[in-house]
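*Asks:* Chains as they are written, first to last, in the UniProt record's numbering: chain B, 1 to 393; chain U, 1 to 393. Where a beta carbon is used, it is the ideal one built from N, C-alpha and C, also for glycine. All figures in this text were calculated on a predicted structure; none of them were measured in a lab.
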């Protein structure tokens, strides 16, 4: 009834993290909750059960070496400690924690990949220390409190996937007072950019619309049905797809045309879900180049500082996913604006950014940026405010 | 936490028909049923709500002209009749039925695309005849019985998606005695083939395994963790992905190396879900070429015969998705075997084929073929039986 074009690079097909639709509106809240819960499991956790996807993450060398260093350089902090690994996946962080000297490691993993983690733990002779538990973090029953929580929970633009919620829940329930989180902090950034792909996106949008008009003619000619009435809906659908969807990109530093702005800092020691569930803040970035502005890039950093009671050793390891610092599987998220605007060195792009969870799927994000350009020259007044909402899928 | 490589051709992303995972085993049957039901809605129906995907189907000219002819050439059968369109989508079949003279058409569509269908019906001035109802077919309450059921319910290899179940349910509940179904019959075929892509698949499999061994060395060298213990699991995962997943293909007739075998005929007037829920039959195909055999192709045809009481006019329209008859979005499903086998004109490939629904997702299929080659020359004994199970995702 329909054809899909599936990539074929070794990725187990048909099992990707997809957004959910909300159910029919006649559902009760309880039914809706059950629906979301089920769909969430099917859609979200499914991906992580394949070794192929684990391997993709294990091949991200910046991710790997940041965690490796954060653990190994602080072996004295892990020595004889009890550690909890939230979303253990293949179990690699659990094994490192054990290698660093932990006396006990609980690796909690919801998907079937837990089975592989178990094998890996045994093969690396850590089964006397590491215990892999296949369970959702929120439902696990541990026999003791822990000294350290390790977790690689970060999604695109930090918060996609909302897995931080599980880390916070684990902290509140299982971390001893004064215990440490690795990473301990997370910072989100945006900056104005110019990237050549942005124009390409607009061209692709135009092409699909040209193709649509051809389609209208053929449908009318061949089958006597007029479809012009759907043009507005189709336009909206395609504009959303091409122009209002964030893009993954591995961006060179040269694409940055202004200062990076930290829009959110999350202290994992104290944050609650409410603190980051909705981000709503202003920003202001001074242009460093005379350039067209094609939009914004968003990324994050996560420092591994241990806890005030047991600080990590200097220099503090920071996983940095900024443009130009080298490939990570997170890359950056690119938010394209249209039309592009021109700005000069010293001009200031200022505005407001809101990052919210999508109503139809709490694990996906909407990013709304309202911005204007204040000219340094004073010759031009403020450019008009432009507001766009992108989806991070 | 992970990168996906999404195609970007205008397809609304992140909303594709994906298989579901089964829930944790602690679930009760009732919970499991609710889980499947919710996931099914999220995964299956989601796709069809986008105009982009509707357009893909509307651009399939063989699909479109088969239905158009089946309806318009039998306008005398639709005249003053009450028609039910199961899974109406954009509503095109409903509009045609009205144009052909139906006095009332109910277009039942579960997804939000029903909204667009409504607009389309109005724009084509058929809202006095066509009524679009957004509802699952199984739950709809029509005010009357119908004379004709039209539906485009076919999936890959006919049965993927299991939408025929809804048509059968509609027939049992809403079709008047002697009423007609368009299409009225469906036939499934397989044939031995040689296709060059088959070797390519094996090469891709080998490449991912070479890459895996490189990955093992690096993980050991850089991070002190041995992963050899997962090689067997990874091999199985990749073999499944590359070699035991059916492939969509638009195949030229030359690729057929032996006779096509009809493995199933479904009379929609009388069939029950039990009749086609599991197909298990033998087949036998005489080779028409001296050729390597790279596997099998599977496809279907659907004749539009009306009913015995109200037969369609001659010649009977048949939607034929055989290799070499021209592009359809269904294409054919290709089942690759490994190693390839050689056969000569007159040799006979015989065996058994089983088509079953996947346990973890009733809308996906497993195809198991056990085959052997009987040499016409008599010089060689039967080749050994080879059995493979493919997934149609």
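Would you call the segment 129-146 of chain B in contact with the segment 217-231 of chain B, where contact means no fewer than 3 C-beta pairs closer than 8 Å?
*Replies:* These segments do not touch.
*Asks:* Which class does residue 235 (chain U) belong to by DSSP, given the choice of helix, strand or coil?
*Replies:* One-based indexing of the second chain puts residue 235 (chain U) at position 235. Helix, per DSSP.
*Asks:* When the distance is taken between beta carbons, is residue 116 (chain B) closer than 8 Å to residue 58 (chain B)?
*Replies:* In the first chain, counting from the first residue as 1, residue 58 (chain B) sits at position 58. In the first chain, counting from the first residue as 1, residue 116 (chain B) sits at position 116. Contact flag unset, no.
*Asks:* Which residues in chain U sit within 9 Å of residue 102 (chain B), going by Cβ to Cβ distance?
*Replies:* Stepping through the first chain from its first residue, residue 102 (chain B) is reached at position 102. Neighbours of residue 102 (chain B) on chain U: none; closest Cβ ~15 Å, over 9 Å.
*Asks:* Using a Cβ-Cβ cut-off of less than 8 Å, list which residues of the segment 219-244 of chain U approach chain B; keep chain order.
*Replies:* Hits within the stretch, in order: 219, 222, 223, 224, 225, 226, 227, 228, 229, 230, 233, 234, 237, 238, 240, 241, 242.
*Asks:* Nearest to residue 65 (chain U) by alpha carbon, out of U:346, U:317, U:337?
*Replies:* Your numbering for residue 65 (chain U) matches position 65 in the second chain. Among U:346, U:317, U:337, the Cα nearest to that of residue 65 (chain U) is on U:317.
*Asks:* Which class does residue 397 (chain B) belong to by DSSP, given the choice of helix, strand or coil?
*Replies:* For residue 397 (chain B) there is no data in the structure shown, the boundaries of chain B being 1 and 393.
*Asks:* Which of the three DSSP states, helix, strand or coil, is assigned to residue 338 (chain B)?
*Replies:* To locate residue 338 (chain B), count along the first chain from 1; it is residue 338. The answer is strand: DSSP assigns residue 338 (chain B) an E or B state.
*Asks:* What's the call for residue 222 (chain B), buried or exposed, on a 16-neighbour Cβ count within 10 Å?
*Replies:* Translated into the one-based positions of the first chain, residue 222 (chain B) becomes position 222. By the neighbour-count rule (16 or more Cβ atoms within 10 Å), residue 222 (chain B) is not buried but exposed.
*Asks:* Do three or more CB pairs link the segment 344-357 of chain B to the segment 370-377 of chain B at distances below 8 Å?
*Replies:* Yes, since at least three Cβ pairs between the segment 344-357 of chain B and the segment 370-377 of chain B fall closer than 8 Å, the two stretches touch.
*Asks:* List, in chain order, every chain U residue whose beta-carbon is nearer than 9 Å to that of residue 213 (chain B).
*Replies:* Within the first chain, residue 213 (chain B) is the residue found at index 213, counting from 1. Simply none; closest approach about 12 Å.
*Asks:* Could you tell me the distance, in whole angstroms, from the CA atom of residue 386 (chain U) to the CA atom of residue 295 (chain U)?
*Replies:* Here residue 386 (chain U) corresponds to residue number 386 of the second chain, with the count starting at 1. Here residue 295 (chain U) corresponds to residue number 295 of the second chain, with the count starting at 1. Cα to Cα, the separation comes out at about 11 Å.
*Asks:* Roughly how far, in whole angstroms, is the beta-carbon of residue 101 (chain U) from the beta-carbon of residue 91 (chain U), given that I think they are within contact range, below 8 Å?
*Replies:* Numbered from 1 along the second chain, position 101 holds the residue referred to as residue 101 (chain U). Numbered from 1 along the second chain, position 91 holds the residue referred to as residue 91 (chain U). Actually they are not in contact, since the Cβ atoms of residue 101 (chain U) and residue 91 (chain U) sit about 17 Å apart, beyond 8 Å.
*Asks:* Return the CA-CA distance between residue 351 (chain B) and residue 391 (chain B), expressed in angstroms with no decimal places.
*Replies:* Taking the first residue of the first chain as 1, we reach residue 351 (chain B) at position 351. Taking the first residue of the first chain as 1, we reach residue 391 (chain B) at position 391. Each residue's alpha carbon lies about 19 Å from the other.
*Asks:* Inspect the CB distances between the segment 67-79 of chain U and the segment 166-186 of chain U and report whether three or more fall short of 8 Å.
*Replies:* Yes, the segment 67-79 of chain U touches the segment 166-186 of chain U.
*Asks:* Give a yes or no on whether the C-beta atoms belonging to residue 353 (chain B) and residue 283 (chain B) are separated by under 8 Å.
*Replies:* Here the question's residue 353 (chain B) lines up with position 353 in the first chain. Here the question's residue 283 (chain B) lines up with position 283 in the first chain. It is a contact, given that the beta carbons lie within the stated cut-off.
*Asks:* In whole angstroms, what is the alpha-carbon distance linking residue 388 (chain U) and residue 190 (chain U)?
*Replies:* Here residue 388 (chain U) refers to the residue found at position 388 of the second chain. Here residue 190 (chain U) refers to the residue found at position 190 of the second chain. The alpha-carbon atoms of residue 388 (chain U) and residue 190 (chain U) are separated by roughly 15 Å.
*Asks:* Could you tell me the distance, in whole angstroms, from the CA atom of residue 303 (chain B) to the CA atom of residue 275 (chain B)?
*Replies:* Taking the first chain and counting its residues from 1, the one referred to as residue 303 (chain B) is at position 303. Taking the first chain and counting its residues from 1, the one referred to as residue 275 (chain B) is at position 275. Computed Cα separation, rounded: 19 Å.
*Asks:* Kindly indicate if chain A contains any beta-carbon less than 8 Å away from that of residue 276 (chain U).
*Replies:* Absent from the structure: chain A. Protein chains present are B and U.
*Asks:* List, in chain order, every chain B residue whose beta-carbon is nearer than 7 Å to that of residue 92 (chain U).
*Replies:* The sequence position of residue 92 (chain U) within the second chain is 92, counting from 1. Result: 225.
*Asks:* Mind checking the segment 98-126 of chain U against chain B and listing, in chain order, the residues whose C-beta falls within less than 9 Å of any C-beta there?
*Replies:* So the close ones are 99, 110, 111, 112, 115, 116, 119, 120, 122, 123, 124.
*Asks:* Alpha carbon to alpha carbon, what distance is there between residue 250 (chain B) and residue 1 (chain U)?
*Replies:* The sequence position of residue 1 (chain U) within the second chain is 1, counting from 1. The sequence position of residue 250 (chain B) within the first chain is 250, counting from 1. Unreliable positioning characterises residue 1 (chain U) in this predicted model, as indicated by a pLDDT of 42, which lies under 50. The coordinate reading is nonetheless provided below. Using only the alpha carbons, I get a separation of about 15 Å.
*Asks:* I need the DSSP call for residue 219 (chain B), collapsed to helix, strand or coil.
*Replies:* Counted from its first residue, the first chain places residue 219 (chain B) at position 219. Helix at residue 219 (chain B).
*Asks:* Does DSSP put residue 117 (chain U) in a helix, in a strand, or in coil?
*Replies:* Residue mapping note: residue 117 (chain U) aligns to position 117 of the second chain, counting from 1. If DSSP states are grouped into helix, strand and coil, residue 117 (chain U) belongs with the helices.
*Asks:* Could you name the residues that DSSP lists as bridge partners for residue 296 (chain U)?
*Replies:* On the second chain, position 296 is the one that residue 296 (chain U) refers to. U:192, U:335.
*Asks:* What residue range is occupied by the uninterrupted beta strand (DSSP E) comprising residue 77 (chain B)?
*Replies:* Here residue 77 (chain B) is taken as the residue at index 77 of the first chain, counted from 1. Element bounds for residue 77 (chain B): not the beta strand (DSSP E) but the alpha helix (DSSP H), 75-78.
*Asks:* Just mark residue 86 (chain B) as buried or exposed, buried being the case when its beta carbon has 16 or more other beta carbons within 10 Å.
*Replies:* Residue mapping note: residue 86 (chain B) aligns to position 86 of the first chain, counting from 1. Buried.
*Asks:* Run through chain B and tell me which residues come within less than 8 Å of residue 203 (chain U), C-beta to C-beta.
*Replies:* The residue given as residue 203 (chain U) occupies position 203 in the second chain. Per Cβ cutoff of 8 Å: no residues; residue 203 (chain U) is ~12 Å from chain B at best.
*Asks:* For the beta strand (DSSP E) holding residue 181 (chain U), just list the boundary residues, first then last.
*Replies:* Counted from its first residue, the second chain places residue 181 (chain U) at position 181. 175-182 is the extent of the beta strand (DSSP E) around residue 181 (chain U).
*Asks:* Starting from residue 394 (chain U) and walking both ways along the alpha helix (DSSP H), at which residues does that stretch end?
*Replies:* Residue coverage of chain U in this structure runs from 1 to 393, which leaves residue 394 (chain U) outside it and unanswerable.
*Asks:* Along the chain, where does the beta strand (DSSP E) containing residue 375 (chain U) start, and where does it finish?
*Replies:* As a working mapping, residue 375 (chain U) is identified with position 375 in the second chain. Segment: none, residue 375 (chain U) is in no beta strand (DSSP E) and carries neither H nor E.
*Asks:* Starting from residue 95 (chain U), find everything on chain B with Cβ-Cβ shorter than 8 Å and list it in chain order.
*Replies:* Translated into the one-based positions of the second chain, residue 95 (chain U) becomes position 95. Per Cβ cutoff of 8 Å: 225.
*Asks:* What runs of the beta strand (DSSP E), each 3 residues or longer, lie entirely inside the segment 299-327 of chain B?
*Replies:* If we require 3 residues or more, the beta strand (DSSP E) runs fully inside the segment 299-327 of chain B come out as 317-320.
*Asks:* Cβ of residue 329 (chain B) within 8 Å of Cβ of residue 56 (chain B)?
*Replies:* Taking the first chain and counting its residues from 1, the one referred to as residue 329 (chain B) is at position 329. Taking the first chain and counting its residues from 1, the one referred to as residue 56 (chain B) is at position 56. Yes.
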